[in-house]
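Protein chains in written order, with the numbering used here: chain A, 1 to 202; chain B, 1 to 202; chain C, 1 to 241; chain D, 1 to 148; chain E, 1 to 228; chain F, 1 to 228. Think of the CB as a built atom: it goes at the ideal place given N, C-alpha and C, for glycine as much as any other residue.
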Amino acid sequence: MLQANALAAERGGQRLFSDVSFSLKDGDLLHLSGSNGSGKTTLLRMLCGLTLPVNGDISWQQKNIESNRDAFNADLLYIGHRHGMHSDLNALENLQLSTQQLSNSTMVFSALEEVGLSHHLNKPLRLLSQGQQRRVALARLLLESRKLWILDEPLAALDVDAVEWFSQRLAKHLENGGMAIVTTHQEASFISHVSINVVLGS
Amino acid sequence: MLQANALAAERGGQRLFSDVSFSLKDGDLLHLSGSNGSGKTTLLRMLCGLTLPVNGDISWQQKNIESNRDAFNADLLYIGHRHGMHSDLNALENLQLSTQQLSNSTMVFSALEEVGLSHHLNKPLRLLSQGQQRRVALARLLLESRKLWILDEPLAALDVDAVEWFSQRLAKHLENGGMAIVTTHQEASFISHVSINVVLGS
Amino acid sequence: MIFQKYAAPKYFYPLAGKCLPWFGTLAILTICAGLYLGLFVAPPDYQQGETVRIMFIHVPAAWMSMFIYAMMAGAAAIGLVWKIKLTDTFITASAAIGASFTLLALLTGSLWGKPMWGAWWVWDARLTSELILLFLYLGFMSLHSAIDDPRRASRAGAILLLIGVINLPVIHYSVEWWNTLHQPTSVARIDGPRIHSSILTPLLIMAVAFKLFYVSVVLIRMRSSILDNEADSRWLQEQGA
Amino acid sequence: MKPRHKKISFIALAVFGLSAVTLLILNTFSSNIVFFHSPTDISEGKAPINQTFRLGGMVKDNSVKHNKDGLKVSFTVTDTIKDINVTYKGILPDLFREGQGVVVQGKLLQTGEFKADQVLAKHDENYMPPEAKAAMEQAARTLLLPKK
Amino acid sequence: MTHNLGLLASWQRVLKRELLLAYRQRNDILTPLIFFIIVISLFPLGVGPEPEILRTIAPGVIWVAALLATLLSLARLFNNELHDGTLEQLLLTPQPASVLVFAKIVSHWLTTGLPLVLISPLLALSLDMSSTALIYTMLTLLLGTPILSLIGAIGAALTLGLRGGGVLLALLILPLYIPVLIFSTGAIIAASNGFSAEGHLSLIGAYLIITLIFAPWVTSYALRVSLD
Amino acid sequence: MTHNLGLLASWQRVLKRELLLAYRQRNDILTPLIFFIIVISLFPLGVGPEPEILRTIAPGVIWVAALLATLLSLARLFNNELHDGTLEQLLLTPQPASVLVFAKIVSHWLTTGLPLVLISPLLALSLDMSSTALIYTMLTLLLGTPILSLIGAIGAALTLGLRGGGVLLALLILPLYIPVLIFSTGAIIAASNGFSAEGHLSLIGAYLIITLIFAPWVTSYALRVSLD
Ligand code: HEM
Ligand SMILES: Nc1ncnc2c1ncn2[C@@H]1O[C@H](COP(=O)(O)OP(=O)(O)OP(=O)(O)O)[C@@H](O)[C@H]1O
Ligand SMILES: Nc1ncnc2c1ncn2[C@@H]1O[C@H](COP(=O)(O)OP(=O)(O)OP(=O)(O)O)[C@@H](O)[C@H]1O
Ligand SMILES: [Mg+2]
Ligand SMILES: [Mg+2]
């Protein structure tokens, strides 16, 4: 269970939001929305433990995430605005060397096939189109079995098919008892699964 | 009038598309669609004269764009995946020093106000959120009166309000006899104004 | 805890205001006394003659350069562990003063070195490590000012300060560990000071005077930076009204 | 590995490392380094000919001889075990005295003589007024007298 | 729910990724080496080819060049990682970040420091150094370049993403590099003058051990602060 | 439909933007300068402080340092612009790209070359140079650093966005820099030995004029090719 307690954030000395609290249970999907610049990205990074809150605290399975970082990280999968892949490695290498689980190349290959990139295995990532790069990043969802997903605008640059694929993958994760926190400005079918809505800057 | 004649593109030795032809008249909106990696970005850059076609030619007001580059550039406004702004300058400076028309700071200021950034005038661009950065880039639409807009995924990272604002601005441009070529994977109200549909990779 | 209470700007600001006149007056008095004793009363040295008077600036300045750095590093450690904001105010207020004392020690040292040793500068361990101390101060100040986010600035600065602590024992013991051109320790020796009391007294008075001067300037600088940071907080407006 | 074991192994590593450091530093103290070499070093080592280096020690009593023109000077540097003769042309620092520390930079000639191009005086840690010095010498003499 | 890699496997994976990346960007990796060679070979051009003078300044030239080459390569150490988001991912792995950071430092040394060590005899010969001096040049580079990488990593982490990271980095780490420079050139000069260089070498060794113990840990902490 | 700026106004606007950017990134801009200072002041540390030797190697040290400092700054010349898309925008302005590129080169020289010229007397003094040598050092730097910027721009444009741009850049432009190095140190040494340095200086002048005419044009063409 992920619990956020009276969180507050500052950026450049300015208060972005304060008193954000929620708790996320198995199978919950939290949709974080708000206008541009309302602090969504900041909040997500805070929930990952990358940014320290100026106030409030976050706990995972009843333990503060700061003092139990390794255990929390073992359950967490974060994909941000920046996709977190090396642009000079190809898709195969990126996935094989960035995942934290033992994965053989057939597994990676089939994941890449599922996201529709089986034809671009040997191109370094920087030569792929925007949407293709995001697809590679999302292939991590297939390779690592983590309990908590935190995804910052996963749909950016994805075409309609890919958005649909993502929605289904997310639904399956929730069914299996996983949790997820997602931001997006786009419409997508996974919105129907949302169990908690947090709106910033209103 | 923009005319594209039997265009073909190759990337890394692979044919991406061939035989793309269309002609765009005053008030026309061309919507370029296609799945991820189908070559939309490549085609747009080609239409701007940044990438040379392997086949076919492009003309603007009956003249080849390559041999009349300065005249074509005077009518063209291109905003790509990369927003084309310096991340160390603030929004005001960026717009004032990048536009090609004489613009005083009140004009720039009111443009920034229209895109909802009047509170972030003095932050260097890199400190703004993704959506805010794109808004700054789109403010150029208000400051430069060019006949032809070529926009690559202008909606990426924009929130709902901003998408709506963009749609209206685009409609006005078309009414005034402007032309535009736009790609997007998202739904938006401007789709109803589309007069030409080009689909790649089908 | 009383310590934590006074670490809040709201309480620290008036307290510092009350202490300041005392420290300021004492600093001025001791500096005058020290300079008078050092320049007019103290006898010349049996070997160096009148040149020895540079000592009354050089030695206290060199001590201060190390003392201030140690204080800053201590505050940095406290700030990292207990997340007290005031430590950063203290550190930034101290940095420029420490750098100035270091520069003063280097300048007076080389001014002294030319007639005594026959060289302005040599790369021996004492001189080099003191120069490194100056660079550490400068590095800290530029790092701190290059970061716009106040929290990141104070934490990154603290890391740098703590790394530099290793230089302090090197400065102090360099003259014993290695053969340097700089002389060995005269004052803080197990077998007692090797300086005659007529020269030692003004030296110690100047050392105290420099400390008082430092405390006064730090308090002034801390108060003004609190004024900047908390310009729109309630307690300050109440106090101004 | 459990977190606790991890922590312990890190600490063990640190302790091991730090003790190695101390050993290495202690090793350094025994081998005189960095700023200058002593006459003993030089006579033991394969005294390099025609290479610039620094030599440090005491100026031997009664060894300083000024040349006629006043600029050229020769003296002996000693560490009480070995002596080396030094010649120098130039201005000497104020503190250059017999019985005082000195550091000279220059080259060792084939003849075994050290040709200096820089002379630095080394001051010790004692400071006192001239009267105190005189009194001390007086006291030393009176202490020594009965022995005579 | 998860079966994550062990500490060692994780470490190896990071090292492997870094080396693969280095191989892919091999031109980038070569930059410091080429720079090193250029600096040293430009000297006879600018200074004039008198062997006497060259021999005297050789240890200094080689070590200054090594320092600068390392300084140059540091900008690249975490910067790409910052922009593509892989640095965040590094901090989010279920392993102590310091261990993974250590893998990055090792790879940095293997790709910048080690090549300098290996090429140095050639350059030493071109500067007309004696064989003793040559051996001690290699030895001090072997002991000293890891220190440059370790300290450099701290500096790079502290200045990550800052405007003007370049100067700041130089300002922060050069003071800490100076002892390496002094002890190393001191060792080479002492050795080629026939004195024992043991003292210098053991000081470099001590410095190496201290930085080995603290640098990965400090670097990972600094990264966390810089990414906040 | 449009009322665009004239050529001169456009040129000024680019220059103004570049200088403003330089001011914002002033730490970055200082990098080459600080680098220059560091290289030159590290030398006495590494080489030993014998004034005789220092004086002999001084012209070489200063010019090698200037070369390297410029080389360092070139990576920055178009790279940020490539990544944020402003370079595309530059090529899409309704003005000859070469003119705008020239504004960029001028700003590059004003922010890297000129500071080196201005600081050089101080450094020359610290290396114990004679006053004649000092004056000629300044003079050759004043004539020579613009050449470094102009040629550097071509190299930077050609290697733009390539993996390993760094080495390639160095390999491409160093051969073209070497004449500047040789003529300049030649001029300084000749002048300080009491000979006339006119011959060297006029060769540098000729080189400057040639590069002034061709470099902006070649650079803008190279940019177009690199962005394709
Ligand atoms: C640029 C040259 C010099 C530098 C950087 C320098 C630096 C220092 C430093 C850092 C200390 C404090 C050491 C400590 O507290 O552990 C010190 C102390 C001292 N220095 Fe210097 N010094 C220089 C030149 C000189 C000269 C030329 C003399 C006299 C001949 C001198 C005499 C002293 C004395 C008497 C002390 C006090 C020693 C003690 O702690 O008892 N210094 N110096
Ligand atoms: N380092 C910083 N210094 C100052 N302001 C900052 C900094 N980082 C972010 N901000 C500001 O914080 C606000 C929140 O940014 P954030 O990226 O969290 O927004 P967001 O909700 O994710 O927006 P978007 O929908 O555009 O992605 C923005 O107004 C931004 O300008
Ligand atoms: N320099 C290159 N070398 C090799 N292949 C390339 C290069 N640049 C692009 N490609 C390939 O060309 C194809 C088209 O890329 P492009 O960016 O035009 O796609 P897109 O339609 O804009 O996709 P998206 O919707 O994801 O933005 C992709 O498959 C990409 O991998
Ligand atoms: Mg965001
Ligand atoms: Mg695209």
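- Ranked by Cα distance from C/Met72, the first of C/Trp123, C/Arg223, C/Ile195 and C/Asp88 is C/Asp88.
- Of all residues in the stretch 194-207 of chain C, only Arg194, Ile195, His196, Ser198 and Ile199 place a beta-carbon less than 7 Å from a beta-carbon of chain D.
- Per the C-alpha coordinates, the member of E/Leu54, E/Gly60, E/Pro44 and E/Ile38 positioned closest to E/Phe183 is E/Gly60.
- Against chain E, the CB of A/Pro124 has a partner CB under 9 Å away; the residue lies at that interface.
- The beta carbon of C/Leu106 lies closer than 7 Å to those of Glu130, Leu131 and Leu134 in the same chain, with the five residues before and after it left out.
- For E/Leu150, the closest of E/Ala133, E/Ala103 and E/Val167 by C-alpha to C-alpha distance is E/Ala103.
- Nearest Cα to C/Thr108 within the set C/Ile54, C/Ile163, C/Ala153 and C/Gly157: C/Ile54.
- Counting along the chain, no alpha helix (DSSP H) covers A/Arg146, and no H or E run does either.
- Judged by beta-carbon spacing, F/Thr112 lies beyond the 9 Å limit of F/Trp63, meaning their Cβ atoms are not closer than that value.
- Proximity to ligand 4 was defined by a C-beta distance below 7 Å to any of its heavy atoms, and the residues meeting it, in sequence along the chain, are A/Lys40, A/Thr41, A/His81, A/Asp152, A/Glu153, A/Thr183, B/Ser129, B/Gln130 and B/Gly131.
- The count of Cβ pairs closer than 8 Å, one atom from the stretch 163-173 of chain C and one from the stretch 109-128 of chain D, stays below three, leaving the stretches out of contact.
- C/Ser198 has its CB no nearer than 8 Å to any heavy atom of ligand 1.
- Under the DSSP assignment, B/Glu10 falls in the beta strand (DSSP E) whose first and last residues are Leu2 to Arg11.
- A direct Cα-Cα distance of roughly 14 Å separates F/Ile53 from E/Phe43.
- Sequence-ordered contacts of the stretch 175-202 of chain E with chain C read Pro175, Leu176, Ile178, Pro179, Ile182 and Gly199 [C-beta pairs closer than 9 Å].
- In this structure, C/Ala153 is the residue among C/Leu162, C/Ala153 and C/Ile163 with its C-alpha nearest to the C-alpha of E/Leu160.
- Residue contact check for E/Phe214 against chain C: a CB pair falls below 9 Å.
- For B/Ser129, the closest of A/Lys172, A/Gly80 and A/Arg169 by C-alpha to C-alpha distance is A/Gly80.
- Contact between B/Phe72 and B/Gly201 does not hold, since their C-beta atoms are separated by about 27 Å, which reaches or exceeds 8 Å.
- Beta-bridge analysis with DSSP links D/Val86 to D/Phe75 and D/Phe114.
- Nearest CB-CB separation between C/Asp232 and chain E: not below the 9 Å threshold.
- Within chain E, the residues Ala206, Ile209 and Ile210 have their CB atoms less than 7 Å from the CB of D/Val21, given in chain order.
- About 4 Å separates the beta carbons of C/Asp124 and C/Thr180, which is inside the 8 Å limit, making them a contact pair.
- A/Trp60: member of the beta strand (DSSP E) spanning Asn55 to Trp60, first to last residue.
- Judged by DSSP secondary structure, A/Leu52 falls outside any beta strand (DSSP E); it is assigned neither H nor E.
- Taking 9 Å as the cut-off, the beta carbon of C/Val187 is found closer than this to the beta carbon of C/Leu200.
- Counting C-beta pairs with one atom in each stretch, the stretch 48-57 of chain B and the stretch 115-132 of chain B have fewer than three that are closer than 8 Å, which means they do not touch.
- Under DSSP, A/Gln14 takes part in a beta bridge, and its partners are A/Arg11.
- Against D/Ile25, the close residues of chain E are Ser202, Leu203 and Ala206, in the order they occur along the chain (beta-carbon pairs closer than 9 Å).
- Residues of the stretch 48-78 of chain D that bring their beta carbon within less than 8 Å of a beta carbon in chain C comprise Gly56, in sequence order.
- DSSP places F/Ser10 in the uninterrupted alpha helix (DSSP H) bounded by Leu7 to Arg24.
- A residue is called buried once 16 or more other Cβ atoms fall within 10 Å of its Cβ, and E/Ser131, having fewer, is exposed.
- In the DSSP assignment, C/Arg155 falls outside any beta strand (DSSP E) and within the unbroken alpha helix (DSSP H) covering Pro150 to Gly164.
- Measuring C-alpha to C-alpha distances from E/His200 to each of E/Ala190, E/Val101 and E/Leu227 identifies E/Ala190 as the nearest.
- For ligand 5, a non-hydrogen atom lies closer than 8 Å to the CB of A/Ala157.
- Contact between the stretch 70-87 of chain F and the stretch 117-133 of chain F is absent: fewer than 3 CB-CB pairs across the two stretches fall below 8 Å.
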